[in-house]
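Under our numbering, residues 1085 to 1540 are what the sequence shown spells out, in order.
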Amino acid sequence: MTTFSDLELASCLQQALEREGYSKPTPIQTKAIPPAIAGRDILGIAQTGTGKTAAFALPILHRLVTNRCALPRKGTRVLVLSPTRELASQIAASFTTYSGNVNIRIATVFGGVGYDAQIKQLARGVEVLVATPGRLIDHLTSGAIKLDQTDILVIDEADQMLDLGFVKPIRSIVSRLPRDRQTLFFSATMPASIAELARDFLREPKRVSVAPVSSTAQRVSQRILHVESDRKRAALKKLIHDHNMQRTLVFTRTKRGANRVAQYLEGAGITAAAIHGNKSQNQRERALEAFKDAKVQVLVATDIAARGIDIDGVSHVINYELPEVPEAYVHRIGRTARAGASGSAFSLCDRSELKYLRGIEKLIRIEIPSEVSDIAAEPRSQSKGNASKARIPKPSQPKQRENDAPRRKRPQKSGDESNHRTGEGTSRRPGAKTTKPAHKKRKRYHASHKKRSAVA
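Take a look at the structure:
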């Protein structure tokens, strides 16, 4: 059995790991740490929850503490690229935890917050910089940071970087780095496009893998529930109640959809919060903390926002909508069954999403067990006597019996008539003259005029 002491990490790092209760490395850590300490480039294929962050953070920290040197002004010795700000914050926190009592200067750079504090941090130089590509490009363009003295590059969640369209910014960033750097490249999946990117950035890398390409977590129980789109919210509520879900992550495709689902669950008495790109950094952090502290039962998230969710104890993942990109399914369900635990993943699939389901099953190379949700057989409203005859409602069109002639439309009343009946549609300033009174008023007007004439 391999222990962290067998990996020959610096003693201060081993002490920090012991204080945190870590004694046995995960498979990806056992395979990646020794060659990374030796200075080899690493091509790592590992899903979220396998201990991937420690697999690159520990060897980097080992090299930093055993080879201390002056910090480069407006520079960094280590650059870690992350697809989202949440994940960047999680990675930086892990570096801080693993470094223990050793003073390692760590900084984060991402969007959604001001520039000034980041520029001030970068001006003094740092040892580890964790950044999202977009904000880092901004700082490079303004001259707030230089990368000519960076020794180590880490690209984390490379497949998600590709999905988010970060390939061009990443290539621009890498072009500013020294050629003799060490590169650690990690991805949950390895499609051809990611393999091409790895070939461009790595030099004779050590390939480490803890799962087959595009596989899903083995300890995750997966199930598809076929349900009509207009019954999904009711099916979601029923799932949460029937399985007594306490810490559940629900995925939607859109930000608006995340808000609507969270509001519906709150109205149904289930504590929920939404997290997506339109939320401010403070709002997202508060939602994550509430979810971690079990103050919120359900966290509803989009794929991008969920990249930073590194939380143990997520028992269930529910795909309220199937992702259009099959690889995203692997990332989603990887949020459960972490740290050796088991988990469950449910996916609500309507007719329009069957094409996405076929793509997912082709990617993961298994047929996911499925069933028709019983909630799908209920109409939106029904009387008790007609419950057995309930059918899924379809968009209705006006029905006409065969051989029947079209019915004539009844002539509609003029706007003046309807307005005078309800008292609407007329407005006069005080003392204004009446112009062309309506038909009934004209009758009353002439009748009263005749009476006045007769009296005169």
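In this text, a Cβ means the ideal position worked out from N, Cα and C, and glycines have one as well.
- Contact fails between the segment 1285–1292 and the segment 1424–1435, because fewer than three Cβ pairs, one in each stretch, are under 8 Å apart.
- With a threshold of 16 other beta carbon atoms within 10 Å, S1431 meets it and is buried.
- Non-local C-beta neighbours of Q1098 in its own chain, meaning closer than 7 Å and more than five positions away in sequence, comprise F1088, S1089, ordered along the chain.
- When DSSP states are grouped into helix, strand and coil, A1191 belongs to the strand group.
- Check the Cα spacing between Y1348 and each of D1458, G1128, Q1367, A1318: the tightest is with A1318.
- A buried status is given to I1188, since no fewer than 16 other beta-carbon atoms sit within 10 Å of its beta-carbon.
- Straight-line measurement puts the Cα of T1336 at about 7 Å from the Cα of N1403.
- DSSP places Q1367 in the helix class (H, G or I) of the three-state scheme.
- For A1094, same chain residues with a beta-carbon under 7 Å away, outside a window of 5 residues either side, are H1146, V1149, T1150 in chain order.
- Remark: three or more beta-carbon pairs, one from each stretch, lie closer than 8 Å, so the segment 1244–1254 and the segment 1162–1173 are flagged as touching.
- Comparing C-alpha distances from Q1233 to each of V1212, I1221, S1226 shows the shortest one belongs to V1212.
- Uninterrupted beta strand (DSSP E) stretches at least 3 residues long and entirely within the segment 1140–1184 occur at 1160–1165, given in chain order.
- According to the DSSP secondary-structure assignment, K1290 is paired through a beta bridge with I1126.
- Distance check between V1456 and each of R1315, V1238, F1179, A1176 places R1315 closest, using alpha-carbon atoms only.
- Of all C-beta pairs linking the segment 1264–1280 to the segment 1356–1368, fewer than three are shorter than 8 Å, placing the two stretches out of contact.
- Between the beta-carbon of D1240 and that of F1270 there is about 5 Å, and that keeps the pair under the 8 Å contact cut.
- In this chain, the beta strand (DSSP E) harbouring Q1306 covers 1304–1310.
- Spanning the alpha carbons of P1119 and E1350 requires a straight line of approximately 49 Å.
- Under the DSSP definition of a beta bridge, Q1347 lacks any partner.
- Comparing alpha carbon positions, the residue from D1235, G1195, I1112, I1417 closest to C1153 is D1235.
- Excluding sequence positions up to five before and after V1345, its CB lies within less than 8 Å of the CB of R1317, L1320, V1334, T1336, A1356, A1358, V1384, Y1404, all in the same chain and listed in chain order.
- Relative to A1371, the option among K1115, G1123, E1170 whose CA is nearest is E1170.
- Residue Y1413 holds the alpha-carbon nearest to the alpha-carbon of A1272 among Y1413, I1324, T1086, E1104.
- Exclusion of the five residues before and after V1409 leaves D1247 as the residues of its chain whose Cβ lies within less than 7 Å of its Cβ.
- Rounded to the nearest angstrom, the Cβ distance from A1122 to A1139 is 14 Å, too far for a contact under 8 Å.
- Between T1192 and A1176, the CB-CB gap stays under 9 Å.
- For G1427, no alpha helix (DSSP H) encloses it; the enclosing beta strand (DSSP E) starts and ends at 1427–1433.
- Listed in chain order, the non-local C-beta contacts of A1130 below 6 Å within the same chain comprise I1112, K1136, V1294, local neighbours out to five positions each way being set aside.
- Straight-line measurement puts the Cα of S1256 at about 21 Å from the Cα of Y1199.
- Straight across, the Cα-Cα distance linking K1379 with V1258 is about 42 Å.
- CA-to-CA, the gap between L1091 and P1156 works out to about 29 Å.
- 9 Å or more divides the Cβ of A1207 from the Cβ of F1179.
- In this model, V1251 and D1326 are separated by some 43 Å (Cα to Cα).
- Rounded to whole angstroms, the gap between the alpha carbons of G1105 and T1181 is 12 Å.
- In the three-state reduction of the DSSP assignment, A1138 falls in the helix class.
- Residue nearest to S1173 within the set I1395, G1341, I1354 is I1395 (criterion: CA-CA distance).
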